[in-house]
Structure formats: C-alpha cells, structure tokens
Amino acid sequence: MVSNDDALCFYAKMRLYLAVAVLMLAFVAYTEAQDDTIEERFSAFTDRVAEMSRNLAEKAKANMQEFQSSEFATKAKNWITERVEAVKNSFN
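Numbering (this note's numbering), first residue to last: 1 to 92.
Structure follows, in structure tokens:
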C-alpha cells in the first residue's frame, strides 16, 4: 500500500506538471496572438514589392538619362545621323 506521504508527493509533482503545461499553452496562445494575420502579411508584401518597383523604375530612369547624355550616345547618334543623310543624298 502507498503511504500518505508518497501520495502527497505524487500529487504535488502532478500539480507542477499541470501548471507547467498550462503555462506553456498560455505562452503559445500569446505568441500566436502576436503573429500577423495573412491579410497583414500580404499587405506588407505588396507594399515591399511596390517600393522595390518604384526604386527600380527610378534607377532605370536615372541610368537611361545618364546614358543619353553620355559621350558614347552622342557620338553614336551623330554617326547614325550622318549615315542616314549620306544614304538620302545618294538617292538624290
């Protein structure tokens, strides 16, 4: 037969395990409540994609303007214009 002291020790240990389990469940519920919803995640994702698109467009525009004003582009444009004029003059 189990003594009274052994039974009390057993129940005390069981209470401790039960308390730890309840605390773990409460912690899990609290951390899940802190997570963003799917809607919030999707909204944040679309905001990031829009920002990246704007940055990419700005960089592309700046690079295109820089290229158009470069010496190489100017010389190439002048060379093509001269060749087109030469072809026009050869038909006249």
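No residue lacks a Cβ here, since even glycine has one placed at the ideal position from N, Cα and C.
{"Check": "Cβ-Cβ separation, residue 67 to residue 76 (assumed contact under 8 Å), whole Å", "Outcome": "So it is not a contact: roughly 10 Å between Cβ atoms."}
{"Check": "Euclidean distance between Cα positions of residue 38 and residue 28", "Outcome": "18 Å"}
{"Check": "Residue 23 to residue 15 span [Cα, whole Å]", "Outcome": "12 Å"}
{"Check": "DSSP-derived helix/strand/coil call for residue 63", "Outcome": "helix"}
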